[in-house]
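Numbering (the working numbering), first residue to last: 24 to 632.
Okay, structure first, notes after.
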RNA sequence: CGGGGCGUGGCGCAGCUUGGUAGCGCGGGUGCUUUGGGAGCACUAGGUCGCAGGUUCGAAUCCUGUCGCCCCGACCA
């Protein structure tokens, strides 16, 4: 391609709409153009990048026996009603765009395709002999994000690769799940990204196991915890860790201490020479479930630790066998609304009486009680006495008459010891989620009544997995991770072009001829080359080449008359003056290294074999 | 939805406090000079000042409403 025909419009000023560097660079380089809030046009340069990512993805998935398809974006409401997601996805803070056609039929614009694919598979696959099936598409997805931001990172229309697998057995699902994990490792490695694979909460989509692939970047929206040896990684929502013993409280005769106006752990410690780890902190939550009821929840945890709301939500959901829509700490305002006034905030103990809830207007009248593992085995502790301004000291669980229900609801944090090796500590970093794999189990097949006949002749629901990659987000994440003051530095495998040849002065025929010769040869050799043939000053061409991040630059300039050109590496900034033979030799060596193997071009070659 | 900010040529911004009919830089066009890191000079085109009301002799500027965008939070297969 010639730059004179590339529609290359670069901006010198940082656009006001963009906040993070990758978003700014994509706009300045002319890769994306905003059409309206959270909706972007992928301009020709970015489309080339996206196609290269797609090729890498398609090839790796094909290697795993995955079939490619293209499913409709407009979907009937019925299947979403069957799976039970229509209401929560379209009402309130739901993310699905929905509409009615002229027949008043309700339709949704697909944010994901579990329903559609499950219906199709259930209509076409009937026997265990036809399983497993692993099928994927690369499609535009729609989500009415509450707050779109950061360009392609969180947009309302975006490109995603989503795959769905169907199995006769749990173990077959698990084997595909781990094959997909490997495929994802290959894909992201080939895209030239620095990433980690971490344990994740499966969230609203449901299911058992789930892992996220995160591109590490300070601007990432997720907090992840990783062990120093790299063997353990998890989203903070899911992370587990070991905590230290804390400062043990001696065992003495239990007694009650007056603690007037001491409501926080800090105030208690400052006034009484306690250590936070000696105190059992009890927090009251209110959980709203999909049966439209509100359940009060009481959680006990060691005073120096924090509660992980996601873990808590999952525990409540498990215990009630209901889906929890929202969970949050009870506020003064809440209890006033309920007409309850006597909850002794600051002095609550694990055995706070259910009687306090008897007057509640909307809430259930009984606390659901949990105790975090951190308090399970404390032999002597301090806790609230359920009366304002009073705490109990030197107490133990035998003296507290209540249900314990031990579970892990503690928020793991940087500095905690790791569960796989107590000598390793967790450190935290931020990540951009570019891939997520799930073992769904039978959640969708059951609700959509998708069954097959097993080898005993009995009908049973499919075991399902689903696997996503945010293609357009990945492209931006690559920029977030690969740039310098001058612009983008694309990894070779996904760069819009691999080499740019600059004619320093278009009016100089020696330079022009030399550049044309190189360009033709590279194109013939299958290199994705760009020729900057514009009648512009050399400086402009250099700036543009740096900004749009082409990995290699060849300049036909001053030394053209002696047959020499300049070869420059965008990333290392190394520049060499070489004759044509040496340039081709050097480039082919470079492209034959590992980097070359990940070039999409290479896939086309191997396809023909 | 809560909090904050902003809407003025294609892009980045000033002007608004104190009303008098719009300006700067970049970008575009033409010409001359320049020619390896976003050139110089001259000329030139391009704006119902987001939109709708209101106040006023007169509104980009003041008032009311409305729409849109950006940031923080809640939320997030």
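Glycine included, every Cβ here is placed at the ideal spot set by N, Cα and C.
Segment limits, alpha helix (DSSP H) that includes residue i
{"i": "residue 51", "result": "44-51"}
{"i": "residue 391", "result": "Run containing residue 391: none in the alpha helix (DSSP H); it sits in the beta strand (DSSP E), 391-395."}
{"i": "residue 196", "result": "193-213"}
{"i": "residue 292", "result": "288-295"}
{"i": "residue 536", "result": "532-547"}
{"i": "residue 633", "result": "Because the chain here runs from 24 to 632, residue 633 falls outside it and cannot be looked at."}
Terminal residues of the beta strand (DSSP E) in which residue i lies
{"i": "residue 552", "result": "552-555"}
{"i": "residue 89", "result": "Neither: residue 89 is in no beta strand (DSSP E) and is coded neither H nor E."}
{"i": "residue 361", "result": "Taken as a continuous stretch (DSSP letters only), residue 361 belongs to no beta strand (DSSP E), being part of the alpha helix (DSSP H) at 355-361."}
{"i": "residue 490", "result": "486-493"}
{"i": "residue 349", "result": "347-352"}
{"i": "residue 219", "result": "218-222"}
{"i": "residue 575", "result": "575-579"}
{"i": "residue 454", "result": "449-464"}
C-alpha gap between residue i and residue j, whole angstroms
{"i": "residue 27", "j": "residue 492", "result": "34 Å"}
{"i": "residue 331", "j": "residue 353", "result": "15 Å"}
{"i": "residue 530", "j": "residue 177", "result": "45 Å"}
{"i": "residue 508", "j": "residue 79", "result": "29 Å"}
{"i": "residue 398", "j": "residue 270", "result": "13 Å"}
{"i": "residue 40", "j": "residue 68", "result": "20 Å"}
{"i": "residue 418", "j": "residue 394", "result": "16 Å"}
{"i": "residue 90", "j": "residue 469", "result": "23 Å"}
{"i": "residue 627", "j": "residue 489", "result": "Note that residue 627 has pLDDT 34, beneath the 50 cutoff, so the model's placement of it is unreliable and the number below is only indicative. Going from the Cα of residue 627 to the Cα of residue 489 covers about 27 Å."}
{"i": "residue 50", "j": "residue 147", "result": "45 Å"}
{"i": "residue 111", "j": "residue 245", "result": "23 Å"}
{"i": "residue 34", "j": "residue 84", "result": "38 Å"}
{"i": "residue 512", "j": "residue 593", "result": "7 Å"}
{"i": "residue 402", "j": "residue 274", "result": "7 Å"}
{"i": "residue 404", "j": "residue 262", "result": "26 Å"}
{"i": "residue 298", "j": "residue 406", "result": "12 Å"}
{"i": "residue 131", "j": "residue 122", "result": "6 Å"}
{"i": "residue 283", "j": "residue 295", "result": "11 Å"}
{"i": "residue 591", "j": "residue 25", "result": "19 Å"}
{"i": "residue 632", "j": "residue 247", "result": "Confidence is the limiting factor: at residue 632 the pLDDT is only 30, short of 50, which leaves the residue's position unreliable, though a coordinate-based value still follows. If I take the Cα positions, the gap works out to 42 Å."}
{"i": "residue 340", "j": "residue 107", "result": "16 Å"}
{"i": "residue 164", "j": "residue 182", "result": "6 Å"}
The ligand ADP heavy atom lying under 7 Å from the CB of residue i
{"i": "residue 584", "result": "Only the bare structure without any ligand can be found here, which leaves the ligand ADP out of the picture."}
Beta-carbon proximity list for residue i, same chain, < 6 Å, skipping 5 on both sides
{"i": "residue 87", "result": "202, 206"}
{"i": "residue 579", "result": "526, 534, 537, 538, 588"}
{"i": "residue 3", "result": "Outside the displayed range of the chain (24 to 632) lies residue 3, so it cannot be described from this structure."}
{"i": "residue 520", "result": "551, 553, 573"}
{"i": "residue 333", "result": "224, 260"}
{"i": "residue 619", "result": "Reliability fails at residue 619, whose pLDDT of 45 lies under 50, so the model's placement of it is uncertain and no value is given."}
{"i": "residue 547", "result": "none"}
{"i": "residue 524", "result": "538, 541, 542, 554, 577"}
{"i": "residue 195", "result": "155"}
Same chain, Cβ closer than 7 Å to residue i, five either side skipped, listed in chain order
{"i": "residue 63", "result": "55, 56, 57, 174, 175, 178"}
{"i": "residue 630", "result": "Summary for residue 630: the model assigns pLDDT 33, below 50, so the residue's position carries little reliability; its value from the coordinates is reported in the next sentence. Excluding residues within five positions, none has a Cβ falling inside 7 Å."}
{"i": "residue 30", "result": "67"}
{"i": "residue 313", "result": "345, 346, 348"}
{"i": "residue 365", "result": "379"}
{"i": "residue 646", "result": "Examination of residue 646 is not possible in this model, given that the chain is present from 24 through 632 alone."}
Among the options, the one whose alpha carbon lies nearest that of residue i
{"i": "residue 516", "options": "100, 299, 587, 71", "result": "71"}
{"i": "residue 496", "options": "199, 347, 216", "result": "216"}
{"i": "residue 210", "options": "77, 287, 285, 262", "result": "77"}
{"i": "residue 434", "options": "478, 396, 297", "result": "396"}
{"i": "residue 259", "options": "439, 604, 122", "result": "439"}
{"i": "residue 522", "options": "611, 449, 563, 503", "result": "611"}
{"i": "residue 48", "options": "505, 602, 541", "result": "505"}
{"i": "residue 172", "options": "242, 152, 134", "result": "242"}
{"i": "residue 265", "options": "590, 547, 447, 566", "result": "447"}
{"i": "residue 414", "options": "322, 544, 301", "result": "301"}
{"i": "residue 135", "options": "119, 584, 143", "result": "119"}
{"i": "residue 197", "options": "232, 181, 212, 170", "result": "232"}
{"i": "residue 180", "options": "60, 411, 597", "result": "60"}
{"i": "residue 369", "options": "104, 608, 290", "result": "290"}
Other residues of its chain near residue i: CB distance less than 8 Å, five sequence neighbours each side excluded
{"i": "residue 474", "result": "145, 468, 482, 483, 484, 485"}
{"i": "residue 444", "result": "250, 252, 254"}
{"i": "residue 528", "result": "534, 561, 580"}
{"i": "residue 383", "result": "319, 361, 362, 363"}
(request) Would you be able to state if there are at least three C-beta pairs under 8 Å between the segment 178-187 and the segment 154-161? (result) yes
(request) Report yes or no: do the segment 424-436 and the segment 348-367 share at least 3 C-beta pairs separated by less than 8 Å? (result) no
(request) Evaluate contact between the segment 371-387 and the segment 309-326, counting only Cβ atoms and requiring at least three cross-stretch pairs below 8 Å. (result) yes
(message) Taking 8 Å as the cut-off, does the segment 447-459 touch the segment 126-136 (at least 3 CB pairs, one atom from each stretch)?
(response) no
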